[in-house]
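Trainee: Numbering that gives the first Met the number 0 puts the first residue of the sequence shown at 0, with every later residue one more than the last. Ideal Cβ positions, reconstructed from N, Cα and C, are used throughout, including at glycine. If you're wondering where the values come from, they're calculated on a predicted model, not measured in any experiment. Mind looking over this structure? Questions follow.
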Amino acid sequence: MEKSGQAAMEFLSTYGWAILVVLTAIGALAYFGVLSPSNYLPQSCVLESGVGCQDFKVDENSVTLILQNGRGSAMTITDMKVEGCTGSAFGTILNGAEATFVVDGCNNTIGQKFKHDVNVTYTAESGISHLITGTIIDDIQNGTSKGQTNFVDSFTRANSSTVGNGWTEVDGGDAKAQIIDNRMFFEASDEVNMPLVRHTFTQQDNGTLTFRYTFNFERTGDENNYEVYVQLGDEALIVSPTVSDNTGVAVNLLWASPMWGMANHEGFGHVNGAAVTQLAVLSGDAGFNAGGDTNIVVTVHLDSNTYDVALSGAGVISGSGANGIAFDNNVAINTVRIYVDNLNNNNFDDTEFDDVSIISS
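Written out as structure tokens, the structure reads:
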């Protein structure tokens with residue numbers, strides 16, 4: 000008995016420290032997540048049948064998904080959310096086509112594993128709304144994938160008398176751009192070409208740019224003279240709209256009155272030279288045409304100098320988008336510019352933008 004006890008003590012004295020070191024090492028590995036099963040999950044992006052996840056990327060601030068529509072008809076995605084991120088994305092995917100979506104508002108740490116649910120709300124051509132779900136697993140990284148985020152701003156910040164976040168502003172008189180309730184709000188009182196905001200982004204010379212934004216303007220009073228321009232163009236060539244409203248501009252979108260070439264009030268369309276083409280009537284949730292937000296997706300084809308416009312949401316009163324619209328000018332695209340002209344807030348409501356993003360592929 001004494002020999003057995005002595006042998007046990009000798010074993011503990013000989014190997015006890017080694018066992019303690021091993022246990023400490025295992026505890027440290029578990030504490031830092033090295034032994035976490037989630038860290039060994041393969042990268043994947045899976046949605047319900049009919050919607051393919053062709054490529055994906057997770058970085059510190061956003062999740063980028065490239066989806067393919069195999070459901071047999073067009074899908075108008077009205078809300079895409081990723082668990083763990085505060086932003087959302089939207090857009091239209093034609094049957095058999097691909098589209099890039101970026102959900103921002105994430106707070107991820109490079110090097111860790113990302114495993115979260117994806118929820119996609121879309122409207123079918125029948126008008127019925129559907130929800131599909133899925134899961135994305137990826138390593139949080141720097142760098143780019145097939146869809147590279149050139150610029151994203153969802154305006155989710157404190158109310159401010161300026162837009163901030165790198166936007167250049169031209170204000171004056173009673174005209175100013177500001178942040179109100181997590182949206183970019185334009186206030187004006189018949190000022191000429193003000194307020195104006197613009198933001199540069201990384202230039203791409205070929206392939207495709209996808210430009211998305213939410214638009215909510217509505218005419219509530221007897222106003223006949225108003226314009227709202229949304230443009231993409233070359234920062235080096237664009238001049239003040241007081242000098243020229245289209246010099247250096249490739250994508251030239253306009254929401255305006257019949258005084259400026261539209262067939263209807265609250266007309267939305269595109270400009271090419273002196274020609275204005277109305278595509279639709281867009282209106283917010285009050286006024287003469289009770290609507291709401293309009294989700295606008297502009298797909299820019301840099302190799303052919305053309306662009307497509309897709310419209311969705313309650314703000315579309317009539318009309319639709321269009322494909323194959325020629326650039327106003329064949330110039331490089333590295334700047335987004337937005338401004339209003341002769342708009343008086345006494346006769347308008349909301350006058351706001353949200354969820355501006357530019358993605359290259």
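Closest to V388 by C-alpha separation, out of F287, A289, Y338, Q277, would be which residue?
Mentor: This structure gives no information on residue 388, because the portion of the chain shown stretches from 0 to 360.
Trainee: Measure the alpha-carbon distance for D152 versus M79 and round it to whole angstroms.
Mentor: Counted from its first residue, the sequence shown places residue 152 at position 153. Counted from its first residue, the sequence shown places residue 79 at position 80. Rounded to the nearest angstrom, the two C-alpha atoms are 16 Å apart.
Trainee: Please state whether the Cβ-Cβ distance between N224 and S188 is less than 8 Å.
Mentor: Locating residue 224 in the sequence shown gives position 225, counting from the first residue. Locating residue 188 in the sequence shown gives position 189, counting from the first residue. Against a cut-off of 8 Å, the Cβ pair of S188 and N224 comes out as no contact.
Trainee: Based on DSSP bridge pairs, tell me the residues matched to E226.
Mentor: Along the sequence shown, read from residue 1 onward, the residue named residue 226 stands at position 227. For E226, which the question treats as bridged, DSSP gives the partners A255, D340.
Trainee: Rank N294, T213, L236, G312 by C-alpha distance to the C-alpha of E351 and give the top, closest one.
Mentor: In the sequence shown, residue 351 corresponds to position 352, counting from 1. Measuring from the Cα of E351, the nearest candidate turns out to be T213.
Trainee: CA-CA distance, T143 and G268?
Mentor: As a first step, residue 143 must be located in the sequence shown, where it is residue number 144. As a first step, residue 268 must be located in the sequence shown, where it is residue number 269. The predicted position of T143 is uncertain, since its pLDDT is 46 and thus under 50; a value taken from the coordinates is nonetheless stated next. The alpha-carbon atoms of T143 and G268 are separated by roughly 33 Å.
Trainee: Give me the residue from A289, L301, H198 with the minimum Cα distance to T328.
Mentor: Here residue 328 corresponds to residue number 329 of the sequence shown, with the count starting at 1. Here residue 328 is Asn; the residue named in the question, Thr, does not match the sequence. Of the candidates A289, L301, H198, the one whose C-alpha sits nearest the C-alpha of N328 is L301.
Trainee: Could you tell me which residues DSSP pairs with I127 in its beta bridges?
Mentor: Mapped onto the sequence shown, residue 127 falls at position 128. Its beta-bridge partners do not exist; DSSP assigns none.
Trainee: Would you kindly work out how many angstroms separate the C-alpha atoms of S37 and T63, rounded to a whole number?
Mentor: In the sequence shown, counting from the first residue as 1, residue 37 sits at position 38. In the sequence shown, counting from the first residue as 1, residue 63 sits at position 64. Low local confidence applies: a pLDDT of 48 at S37 is under 50, so the model's placement there is unreliable, and no value is given.
Trainee: Taking Cβ positions, are V381 and L195 nearer each other than 8 Å?
Mentor: In the structure displayed, the chain extends from 0 to 360; residue 381 sits before or after that span and is not available.
Trainee: Note down the Cα distance separating T199 from G133, rounded to an integer number of angstroms.
Mentor: Locating residue 199 in the sequence shown gives position 200, where the first residue counts as 1. Locating residue 133 in the sequence shown gives position 134, where the first residue counts as 1. Roughly 34 Å between the two C-alpha positions.
Trainee: Out of H264, L281, V191, D58, which one is the CA nearest neighbour of G83?
Mentor: To locate residue 83, count along the sequence shown from 1; it is residue 84. Checking every option, the nearest Cα to that of G83 belongs to D58.
Trainee: Flag this pair as yes or no: are the beta carbons of R211 and N346 separated by less than 8 Å?
Mentor: As a position in the sequence shown, residue 211 is number 212, starting the count at 1. As a position in the sequence shown, residue 346 is number 347, starting the count at 1. Cβ atoms of R211 and N346: not closer than 8 Å.
Trainee: What ranges does the beta strand (DSSP E) occupy inside the stretch 31-91, keeping only unbroken runs of at least 3 residues that lie completely in it?
Mentor: Runs found: 43-46, 50-57, 62-68, 74-81.
Trainee: I need the boundaries of the beta strand (DSSP E) containing L278, first residue and last residue.
Mentor: The residue you call residue 278 lines up with position 279 of the sequence shown. First-last of the beta strand (DSSP E) with L278: 274-281.
Trainee: Can you list, in chain order, the residues of its chain with a C-beta nearer than 6 Å to that of T241? Leave out the 5 residues immediately preceding and following it.
Mentor: As a position in the sequence shown, residue 241 is number 242, starting the count at 1. For T241, where only same-chain residues beyond five positions count, the Cβ hits under 6 Å are N192.
Trainee: Any idea if L130 is buried or exposed, counting beta-carbon neighbours within 10 angstroms, 16 or more meaning buried?
Mentor: Start at 1 with the first residue of the sequence shown, and residue 130 comes out as number 131. Under this definition L130 is an exposed residue.
Trainee: Count the other CB atoms within 10 Å of the CB of I127; is the residue buried (16 or more) or exposed (fewer)?
Mentor: Stepping through the sequence shown from its first residue, residue 127 is reached at position 128. The residue in question, I127, is exposed, as its Cβ has fewer than 16 Cβ neighbours within 10 Å.
Trainee: Can the beta-carbon of T91 be found closer than 8 Å to that of T75?
Mentor: The sequence position of residue 91 within the sequence shown is 92, counting from 1. The sequence position of residue 75 within the sequence shown is 76, counting from 1. Cβ distance < 8 Å, so T91 and T75 count as in contact.
Trainee: Buried or exposed for Q42, going by 16 or more other Cβ atoms inside 10 Å?
Mentor: Counting from 1 along the sequence shown, the entry for residue 42 is found at position 43. It is exposed - the Cβ of Q42 has fewer than 16 other Cβ atoms within 10 Å.
Trainee: Do you know how far the Cα of D353 is from the Cα of S159?
Mentor: Taking the first residue of the sequence shown as position 1, residue 159 is located at position 160. Taking the first residue of the sequence shown as position 1, residue 353 is located at position 354. Roughly 15 Å between the two C-alpha positions.
Trainee: Taking buried to mean at least 16 other C-beta atoms within 10 Å of its own C-beta, is V355 buried or exposed?
Mentor: Along the sequence shown, one-based indexing puts residue 355 at 356. By the neighbour-count rule (16 or more Cβ atoms within 10 Å), V355 is buried.
Trainee: Between the beta-carbon of L231 and the beta-carbon of T334, is there less than 8 Å?
Mentor: Sequence index remark: in the sequence shown, residue 231 carries index 232 (1-based). Sequence index remark: in the sequence shown, residue 334 carries index 335 (1-based). Contact flag set, yes.
Trainee: Can you give the Cα-Cα distance for L34 and T77, rounded to whole angstroms?
Mentor: Here residue 34 refers to the residue found at position 35 of the sequence shown. Here residue 77 refers to the residue found at position 78 of the sequence shown. Note that L34 has pLDDT 48, beneath the 50 cutoff, so the model's placement of it is unreliable and the number below is only indicative. Near 39 Å, if we compare the C-alpha coordinates of T77 and L34.
Trainee: Check whether the Cβ atoms of D292 and N215 sit closer than 8 Å, and answer yes or no.
Mentor: In the sequence shown, the residue the question calls residue 292 occupies position 293. In the sequence shown, the residue the question calls residue 215 occupies position 216. A contact, by the Cβ cut-off of 8 Å.
Trainee: If we count the other Cβ atoms within 10 Å of its Cβ and call it buried at 16 or more, is N344 buried or exposed?
Mentor: For the purposes of this step, residue 344 is taken as the residue at position 345 of the sequence shown. Burial call: buried.
Trainee: Between the alpha carbons of N263 and R197, how many angstroms are there, rounded?
Mentor: The residue given as residue 263 occupies position 264 in the sequence shown. The residue given as residue 197 occupies position 198 in the sequence shown. Their backbone Cα atoms lie some 28 Å apart in a straight line.
Trainee: Relative to the alpha-carbon of I357, which residue among A123, F150, A157 has its alpha-carbon at the smallest distance?
Mentor: Here residue 357 is taken as the residue at index 358 of the sequence shown, counted from 1. Ranking the options by Cα distance to I357, first place goes to F150.
Trainee: Name, in chain order, the residues that DSSP records as bridge partners for D138.
Mentor: For the purposes of this step, residue 138 is taken as residue 139 along the sequence shown, with counting starting at 1. K112, per the DSSP bridge assignment.
Trainee: What's the C-alpha gap between A279 and V315?
Mentor: Along the sequence shown, read from residue 1 onward, the residue named residue 279 stands at position 280. Along the sequence shown, read from residue 1 onward, the residue named residue 315 stands at position 316. When rounded, the distance between both Cα atoms is 7 Å.
Trainee: Just to confirm, are S61 and T167 a CB contact at a threshold of 8 Å?
Mentor: What you label residue 61 is simply residue 62 of the sequence shown in a count that begins at 1. What you label residue 167 is simply residue 168 of the sequence shown in a count that begins at 1. No; because the gap between Cβ atoms is not below 8 Å, this pair is not in contact.
Trainee: Measure the C-alpha to C-alpha separation of A321 and L310 and round it to an integer number of angstroms.
Mentor: Numbered from its first residue, the sequence shown carries residue 321 at position 322. Numbered from its first residue, the sequence shown carries residue 310 at position 311. Computed Cα separation, rounded: 9 Å.
Trainee: Excluding the five sequence neighbours on either side, which residues of its own chain have a C-beta within less than 7 Å of the C-beta of S298, listed in chain order?
Mentor: In the sequence shown, the residue the question calls residue 298 occupies position 299. First, the residue type needs correcting, since residue 298 is Thr and not Ser in the sequence shown. These residues qualify, in order along the chain: T207, T209, Y306, D307.
Trainee: Alpha carbon to alpha carbon, what distance is there between R70 and T122?
Mentor: Here residue 122 is taken as the residue at index 123 of the sequence shown, counted from 1. Here residue 70 is taken as the residue at index 71 of the sequence shown, counted from 1. Rounded to whole angstroms, T122 to R70 spans 12 Å at the Cα level.
Trainee: The beta strand (DSSP E) with S160 in it runs from where to where?
Mentor: Residue numbering aside, residue 160 sits at position 161 when the sequence shown is read from its first letter. Segment: none, S160 is in no beta strand (DSSP E) and carries neither H nor E.
Trainee: Can you name the start and end residues of the beta strand (DSSP E) that D307 belongs to?
Mentor: Residue mapping note: residue 307 aligns to position 308 of the sequence shown, counting from 1. Unbroken beta strand (DSSP E) run through D307: 305-311.
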